[in-house]
Amino acid sequence: MAFQKAVKGTALIGGGAIATVFGLSQFSQYRNKHGTFVRVQAAEAVTVPIKNDFPTREQQILALQTTSEFDVLVIGGGATGCGCALDAVTRGLKTALLERDDFSSGTSSRSTKLIHGGVRYLQKAIMKLDFEQYKMVKEALEERANLLEIAPHLSAPLPIMLPVYKWWQMPYYWFGIKLYDIVAGSQCLKSSYVLSKSRALELFPMLRKDELVGAIVYYDGQHNDARMNLAIALTAARYGAATANYAEVLRLLKTTDPASGKERVCGVRCRDVLTGQEFDVKAKCVINATGPFTDSVRKMDDQEVPNICQPSAGVHIVMPGYYSPDNMGLLDPATSDGRVIFFLPWEKMTIAGTTDSPTDVTSHPIPTEEDINFILNEVRNYLSVDVEVRRGDVLAAWSGIRPLVTDPNSKDTQSISRNHVVTISDSGLVTIAGGKWTTYRAMAQDTIDAAIQAHDLKAGSSKTVGLQLQGAEEWSPTLYIRLVQDYGLESEVAQHLASTYGDKAFEVAKIAQVTGKRWPIVGKRLVSEFPYIEAEVVYGVKEYARTAVDMISRRTRLAFLNVQAAEEALPRIVDIMAKELNWSEQKKKEEFEAAKKFLYYEMGYKVKSDQLADSSEISLVPSDIERYKKRFHMFDKDKKGFITILDVQRVLESISVQIAENTLHDILNEVDLNKNGQVELNEFLQLMSAIQKGHVSGSRLAVLMKTAEENLRQRVVISVDRSGGGL
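Residue numbers (the working numbering): 122 to 848.
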């Protein structure tokens, strides 16, 4: 009876909602039907010539210094800022862009990696009859289709499963997901469908079976966010925009309008962060596209202006790929505190997130243990009891700050829509705030439209719908095969290069070093378990990378995938960049330390030592303690109470095993909590206790010592590769 009532009620609500949404969608159907034609027409309408390559950073800085006046100057090198630069320059406007850090160094590289309309926003739009939220979802779905088309090498459709554990939820969720398809119209990627329990478990075998009724699968897009952001910036540069990273805006320049007597923003004073040189950049229009830092730039214009942004922190974690199928995501629509959690395959790993909580604005957000454990607990609720969700399997963790537009008095960031707003101050500063990654192009179009009108600039309509981004023009799904055949690259490396650089992958392959092996012929990996090669570091410098952090986090994505692997690759990355950028030994040391600090605090490496330290209460049974003490004393022959590299080397030599001294140093350093160059018995017992609890996994020292104990009798080679264990 209860089930029948639920279905009837849901049918009434859902049926009414479908009718409403269908009616609202009619006005856009003509455009949807002719979408491809519009895209081709818009792209062909660009009259600005595109260069075969983009200028060097030094040439870009020179252009900023020597150009008497730009039409448009954009502050901010995230997705929206770069989108504004691309929109402006393709309309024929003389365009400049300044970013004080690296392109995509903030929120734009720390997303959930989805290109989506927002299922939860559609739910709110229907339940609250909120037409503004509906329009936002509609716009986002249109932009999703465009983004998948203009950068197919960096993006792809992704099926996402919504598991259902109560019968009455099946029709409710089905109606909601079908509404999502209907709103997308002809731009629906693939139609959603219902799965039986057995079929759901077949596609997602690690799913919790108990009480599972079935599942619904729908489609959204997924992308490599930092590389997408960079592709937008590089495309703008090829069209002639003077774009520069590490160019910090110090203050706004103003002049008095002779007609009105009012002060007008006419440019900025900026500083080249790499050289310290300061200079002015003049422009008819200055655009503030600084995401979470929107209000700080607005206050450069007017100290009394009220805040329009309320920042929200979203934490994500990365776990080994075996936690999810290769091509199926998972949506938890209602977590224990009402938030939504995504569980997605990405770059052969698994991303889980995000949280949503008020935060302070900072350039260096840090993931908290509380947020990491919240995500892990939610993941446990949906995975089979056969899958042990271990804290130690967290390979990386990061926090991103979403710049939500809100009333300054609002406290609940979860109820805030990501609608964007464009404001123009009395002095002419144009600000674009809010929005979401997926709608960056539409946001940029609205911003440049407003700038043209407010500053009487001479330009036509936007040309960016259907405008292909860097690497997309000659990309095809089989491009990687040519890389394998023509250059002798490993298939995995070739696929990675094709999906990262598109048709520019050949430029990377051309500079790849010969391996000296029978196969692969070229392409030396930075670390064994990831397909990143040394040639990408050289090419990354060409793509404006100027720090080791740029390379490990945004040109490659190593820091986001596995912080230990990123740290392992650092020495070689720094050496290659030093050669390309003429770094001194002191500069190399500074870059190495800055990158380690970044990994330690911003990418979750700190939690590794914290997990060991937090496990100071050794919870081992007496028999285990005695067993581990015996293992430890095999290495500590002198009963000193600690072991050093020399102790480990002595044991390894006795079983005819050789491991490089620097590798041994790294292995011991992972466990050496007080950093005194030795591992004490208590530290070793803490490690073994933490491993038993699941707080730590993949410890190379634990594996080495256990294997050495066994090999004293068997004399088998010891492997010291990372086992995939995490932080």
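Glycine included, each C-beta is placed from N, C-alpha and C at the ideal position.
DSSP-derived helix/strand/coil call for residue i
i, result
"Thr552", "strand"
"His816", "coil"
"Leu328", "strand"
"Phe464", "strand"
"Cys430", "strand"
"Leu219", "strand"
"Glu831", "helix"
"Pro692", "helix"
"Pro479", "strand"
"Met809", "helix"
"Glu595", "coil"
"Ile236", "strand"
"Glu791", "coil"
Those residues which DSSP pairs with residue i across a bridge
i, result
"Tyr314", "Val338"
"Ser230", "Ser230 pairs with nothing; no bridge assigned."
"Leu279", "Asp341"
"Phe849", "What is shown of the chain runs 122 to 848, which leaves residue 849 out entirely."
"Cys406", "Val193"
"Leu322", "Bridge partners of Leu322: none, in fact."
"Met872", "No information on residue 872 is available, as it lies outside the stretch 122 to 848 that the chain covers here."
"Ile654", "Arg646"
Between the CA atoms of residue j and residue i - distance to the nearest angstrom
i, j, result
"Glu384", "Arg419", "15 Å"
"Gln807", "Ile739", "6 Å"
"Leu647", "Tyr601", "20 Å"
"Arg241", "Pro292", "17 Å"
"Val695", "Lys299", "50 Å"
"Val159", "Lys584", "Per-residue confidence for Val159 stands at a pLDDT of 49, beneath the threshold of 50, marking its modelled position as unreliable; no derived number is given."
"Asp208", "Ala571", "12 Å"
"Ile545", "Ser478", "29 Å"
"Glu611", "Glu791", "31 Å"
"Gly135", "Pro326", "For Gly135, the pLDDT reaches just 44, beneath the cut-off of 50, and the residue's location in the model is therefore unreliable, leaving the point undetermined."
"Val370", "Ala669", "23 Å"
"Asp458", "Thr480", "18 Å"
"His576", "Ala246", "35 Å"
"Ser189", "Leu588", "29 Å"
"Tyr653", "Arg821", "23 Å"
"Val315", "Gly815", "35 Å"
"Leu578", "Gly197", "21 Å"
"Ala352", "Glu830", "51 Å"
Cβ-Cβ distance between residue i and residue j below 9 Å
i, j, result
"Trp519", "Val436", "yes"
"Val338", "Pro280", "yes"
"Tyr367", "Glu220", "yes"
"Ser674", "Met755", "no"
"Leu268", "His344", "yes"
"Pro643", "Ile697", "Looking at the sequence itself, residue 643 is Val, so the reference to Pro does not match. Not in contact: Val643 and Ile697 (Cβ atoms no closer than 9 Å)."
"Ala362", "Ile553", "no"
"Ala563", "Glu260", "yes"
"Tyr726", "Glu688", "yes"
"Lys215", "Phe191", "yes"
"Ala580", "Gly213", "yes"
"Gly474", "Gly227", "no"
"Leu885", "Gly342", "Because the chain spans 122 through 848 in this model, residue 885 falls outside it and cannot be assessed."
"Met248", "Met449", "no"
"Gly204", "Ala680", "no"
"Gly819", "Thr559", "no"
The beta strand (DSSP E) enclosing residue i, as first and last residue numbers
i, result
"Trp519", "Ala517 to Val526"
"Leu452", "Gly450 to Asp453"
"Ala542", "Checking the sequence, you will find Val at residue 542 rather than Ala. Its beta strand (DSSP E) spans residues His541 to Ile545."
"Tyr473", "Note on residue identity: the sequence assigns Ala, not Tyr, to residue 473. Its beta strand (DSSP E) spans residues Met470 to Gly474."
"Thr364", "Ala363 to Ala365"
Limits of the alpha helix (DSSP H) - the one that residue i falls within
i, result
"Lys259", "Phe252 to Ile271"
"Arg359", "Asp346 to Arg359"
"His617", "Ser612 to Tyr622"
"Val605", "Leu600 to Tyr608"
"Glu369", "Not the alpha helix (DSSP H): Glu369 falls in the beta strand (DSSP E), residues Ala368 to Thr377."
"Tyr665", "Element bounds for Tyr665: n/a, residue is neither H nor E."
"Ser775", "Ile766 to Ser775"
"Phe414", "Run containing Phe414: none; DSSP gives neither H nor E here."
"Leu679", "Leu679 to Leu682"
"Thr568", "Tyr561 to His576"
"Thr211", "Ala200 to Thr211"
Residue i: CB within 8 Å of a non-hydrogen atom of the ligand GTP
i, result
"Val304", "Absence of the ligand GTP from the depicted structure is noted, as is the absence of any ligand whatsoever, leaving it without description."
Chain C contact for residue i (CB, 9 Å cutoff)
i, result
"Glu664", "Absent here is chain C; the protein component of the structure consists of one chain."
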